[in-house]
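Student: Chains as they are written, first to last, in my numbering: chain A, 700 to 863; chain B, 10 to 516.
Can you keep this structure in mind? I'll have questions shortly.
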Amino acid sequence: MIPRSRLSLLGLRLLVTGVVGMAAAYASAFVDPPVACIGPWLMAVMVPLTMVATLLLGAVRSGRPSRALVLAFAVVFTIVAGGFLLALALPVESVDAPLVAGLPLRAAIILLGVGVLPLFLLPLVYAATFDAVTLDEGDLERVRQARRVRPDAPGQGPDGGAAR
Amino acid sequence: MIGPLLLSLLLQSAALPVLRQPVIVGVALAYFAVVAAIGVFASRRTRTVDDFFVAGRGLGLFTLAIAAMASTLSGFAFIGGPGLVYSIGLGAVFIVLPAALTNSMGAWVMAKRLRLLAEVREMLTVPDALAARYDSRLVQGLAAVAMLVAVVGYMATNFLALGLVIDAIFGTGRAPAIWIGTAIVLAYSVSGGILAGIWNDVFQGALMAVASVLVFWFALEAGGGMAEISRTLLASEPEVLGPWGRLSPLAALSFFFVFGMGALGQPHVLHKFFMLRDPRQLKWYPLLMTAALFVTLLLFVGVGVAMRALVASGATPALVSPDDATPAFLLQFTPAPLAALVFASVAAAIMSTVNSFMSIGAAACTHDLPVAFGRRLANELRWGRAWTVVLTVVAAAVAQASGTLVAFLGIFGWGLFASTLVPALAIGLNWTGATRAGAVASIGTGLLTTLSLETLAYVKLFTFPAGVTASAIALVASLLVFFIVSWLTRATACTTLAPDVRAVMEV
């Protein structure tokens, strides 16, 4: 079991890295080649990194097993980022190039690799780990308890917090 | 060249081919009759403001998933999307490709937190969640303003699209068609509120899924199978089946980012999480939602690619407009009843989306803005109905203007939701270090950046380099501002977090 604070911090750092990386990728489009050429490569890594980091931030919980989640997220990142990078790196197919599931190789990587392969992986991991990691009856009871102990009129914030 | 084409296809603003055939007209009439019947039935069950805005918090999992799918997909998935695939190839698929991740992201990052917030606080709207998270009426009011701006634009574009479909089927002319479509959606939304919308979503979502699977099968048949379609395109237009289509890699990846990350900030989907009866039912939500979206999006990819190959092989003449891809395919290559079913599905997709926006817009005016000003209204149900009518009439009037005004308002809807809600809500509900100042700054940045950049681009005062979009820049900017301002004001992070909200964030 990896402590949540470490994983949350990792998720947050990866998320910030991903957003800064995307900002750099967009900035590169405003300058001339060869600098402009790095934009798509940066985006190919930073977009999936941002999304997987967000997943990590939202999914891991203190005191709950997280190895399955971390492994699943790592696999998804590898598939998506790897698919984008392959599509960027591979040469254009010739007319008589062999097809993969009826598609040219690079199209198959994008449609079937990035689009279909992770499609049911994450939902199945979500369902499989739901009771142990995401939400059980004890969690619900704790939240309902928090409602019961909440003062009727919670403190007003500096700008007039919404007390209802 | 790609820019204006993308705009017209994304907004579905071009007229459709004439579809006046007895079978199509008959099925369309039957469809509208069912929608009306559901509306009447729902209106009898709508007695409180909870019923009107959050369906009495009584939805089951299946209903939630199908309703979320139906309101996610507008008519774009059936007309504009295939047209976009037809014209720019696989680059268009990057709009729907993130679905492989977004449903699970939505479940882990948003669904549980929002649903649990509804356990500890009264949650009618998405800005309610922001108010609870940051204990701030300012955050709630700012989010409501951003949502209102986006909602009117979205509704106008959807009313225009609905008018085009009704005009194509019944030949009423565009202007009357817009008002007819508006009146139908308005009737069931005002009387039955979100409850009528949800029940119609389930009916409409099922219709969309069935139609999509059947049309995909016919598309593969007509093209001679996927391999034959690929061979035809590789020989004539290989760039269509390139991984980025006719887009640059940066543009395609920008689509993936904006439509992937941005999915966490779409209030018409997030709002539905408040309505789930039992939070533990979320266990199967991503699987159901993913399966529903997957089958419904088959048409999006299949028709566009197949029509391109059919045109390239000479099996059918070149299309006058890319938007004709679906109607032309249906009229030439599918049986009339299936074509009729799909046209009804297009109307279904548009109506289910616009109903959700009506509810969100009305809630912003009836609930969020008055609460933000410290004056909650006494009879929110009655005001909710009144604001639904007002916003709908305004949006329909804007739709009548057609062309540039609708295009301008419609273009930034998704991006505005994303840039204003993703940092403060999606990240903020999962990071205790987020601060009220960070949320205010990021919502303000998203609102101003999206509006100013889209305006500059629209009036052609500034042109972005290929692949860079205002929506993507606004989302990146609002995320960066959120992190920076939250870090600068980190000492205040704990003071804005109420104990019950902290409990929700720790679960």
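Note that the Cβ used here is the ideal one computed from N, Cα and C, for glycine as well.
Quick caveat: nothing in here was measured; it's all calculated off a predicted structure.
Would you check whether the ligand PLP has a heavy atom nearer than 8 Å to the C-beta of B:ILE493?
Tutor: Summarising the ligand content, the structure contains no ligands, and the ligand PLP is consequently not present.
Student: Could you work out which residue in B:ILE493, B:ARG142 and B:LEU339 is closest to B:THR504 when comparing CA atoms only?
Tutor: Checked all of B:ILE493, B:ARG142 and B:LEU339; the closest Cα to B:THR504 is B:ARG142.
Student: When Cβ atoms are compared, which residues of the stretch 804 to 820 of chain A fall closer than 8 Å to chain E?
Tutor: Among the chains of the structure shown, chain E does not appear; the protein chains present are A and B.
Student: Does the stretch 284 to 291 of chain B touch the stretch 815 to 834 of chain A, meaning 3 or more C-beta pairs lie closer than 8 Å?
Tutor: Yes: at least three Cβ pairs fall under 8 Å.
Student: Do the stretch 72 to 86 of chain B and the stretch 225 to 234 of chain B meet, that is, are 3 or more Cβ pairs less than 8 Å apart?
Tutor: Counting Cβ pairs under 8 Å, fewer than three are found: no touch.
Student: By DSSP, does B:VAL477 sit in helix, in strand, or in coil?
Tutor: Note: B:VAL477 maps to coil in three-state DSSP.
Student: Please list the terminal residues of the continuous alpha helix (DSSP H) segment that includes B:ILE104.
Tutor: Taken as a continuous stretch (DSSP letters only), B:ILE104 belongs to no alpha helix (DSSP H), as it is neither H nor E.
Student: Ends of the alpha helix (DSSP H) at B:SER221?
Tutor: Counting along the chain, the alpha helix (DSSP H) containing B:SER221 begins and ends at 183 to 232.
Student: Which residues in chain B have a C-beta closer than 8 Å to the C-beta of A:GLY781? List them in chain order.
Tutor: The premise fails here: A:GLY781 is roughly 13 Å from chain B at the closest Cβ pair, so nothing lies under 8 Å.
Student: Closest to B:TRP496 by CA distance: which of B:ALA446, B:ALA152, B:LEU434 and B:GLY65 is it?
Tutor: Of the candidates B:ALA446, B:ALA152, B:LEU434 and B:GLY65, the one whose C-alpha sits nearest the C-alpha of B:TRP496 is B:ALA446.
Student: Going by Cα to Cα distance, which pick from B:MET514, B:LEU386, B:VAL513 and B:ALA356 is closest to B:PHE41?
Tutor: Here the closest residue by C-alpha is B:ALA356.
Student: Run down chain A in chain order and give the residues with a C-beta less than 7 Å from the C-beta of B:ALA116.
Tutor: Those are TYR825, listed as they occur along chain A.
Student: Could you check if B:LYS281 is buried or exposed, using at least 16 other CB atoms within 10 Å of its CB as the buried criterion?
Tutor: Under this definition B:LYS281 is a buried residue.
Student: Quick one: using the 10 Å Cβ neighbour count with 16 as the cut-off for buried, is B:THR57 buried or exposed?
Tutor: Per the 10 Å Cβ criterion, exposed.
Student: Near B:PRO13, which residues of its chain fall below 6 Å by C-beta distance, leaving aside the five closest residues on each side in sequence?
Tutor: Low local confidence applies: a pLDDT of 48 at B:PRO13 is under 50, so the model's placement there is unreliable, and no value is given.
Student: Closest to B:TRP117 by C-alpha separation, out of A:LEU748, A:VAL824 and A:ARG841, would be which residue?
Tutor: Comparing Cα-Cα distances from B:TRP117 to each of A:LEU748, A:VAL824 and A:ARG841, the minimum goes to A:VAL824.
Student: Would you please state the rounded distance, in angstroms, between the beta carbons of A:ARG841 and B:ALA512? I believe it to be under 8 Å.
Tutor: With a Cβ gap of about 6 Å, A:ARG841 and B:ALA512 count as contacting.
Student: On the CB-based measure, 16 or more other CB atoms within 10 Å of its CB, does B:ALA244 come out buried or exposed?
Tutor: Label assigned to B:ALA244: exposed.
Student: Could you check whether B:SER354 and B:PHE179 sit closer than 9 Å to each other, using their CB atoms as the reference points?
Tutor: No, the Cβ-Cβ distance between B:PHE179 and B:SER354 is not below 9 Å.
Student: Which two residues bound the contiguous alpha helix (DSSP H) that contains B:THR134?
Tutor: Run containing B:THR134: none; DSSP gives neither H nor E here.
Student: Check whether the Cβ of B:ASN439 lies closer than 9 Å to any Cβ atom in chain A.
Tutor: Yes, B:ASN439 lies at the interface with chain A (some Cβ there is under 9 Å from its Cβ).
Student: From the DSSP output, in three-state form, read off B:LEU68 for me.
Tutor: Here B:LEU68 sits in strand by DSSP.
Student: Give the secondary structure of B:LEU285 by DSSP, where H, G and I count as helix, E and B as strand, and everything else as coil.
Tutor: Three-state DSSP puts B:LEU285 in a strand.
Student: Hey, out of A:ALA807, A:THR749, A:ALA722 and A:PRO764, whose CA is closest to A:VAL775's CA?
Tutor: The shortest Cα separation from A:VAL775 among A:ALA807, A:THR749, A:ALA722 and A:PRO764 belongs to A:THR749.
Student: Evaluate contact between the stretch 242 to 257 of chain B and the stretch 90 to 98 of chain B, counting only Cβ atoms and requiring at least three cross-stretch pairs below 8 Å.
Tutor: Yes: at least three Cβ pairs fall under 8 Å.
Student: Residues of chain B with a CB under 8 Å from the CB of A:SER765: which are they?
Tutor: Ordered by position in chain B, no residue passes the 8 Å Cβ test against A:SER765, which lies about 12 Å from the chain.
Student: Under 7 Å between beta-carbons, which chain B residues line up against A:GLY698? List them in chain order, please.
Tutor: Residue 698 of chain A lies beyond the residue range present for chain A, which begins at 700 and ends at 863; the question has no answer from this structure.
Student: Is there a Cβ from chain A that is less than 9 Å from the Cβ of B:PRO13?
Tutor: With a pLDDT of 48 at B:PRO13, under the threshold of 50, the modelled position of that residue is not reliable, and no figure is offered here.
Student: So, under 8 Å CB-CB, B:ASN439 and A:GLY717 are touching, yes? Tell me the CB distance rounded to an integer number of Å.
Tutor: Not a contact, Cβ separation roughly 15 Å.
Student: Beta carbon of B:GLY313, beta carbon of B:ALA427: below 9 Å?
Tutor: It is not a contact, given that the beta carbons lie outside the stated cut-off.
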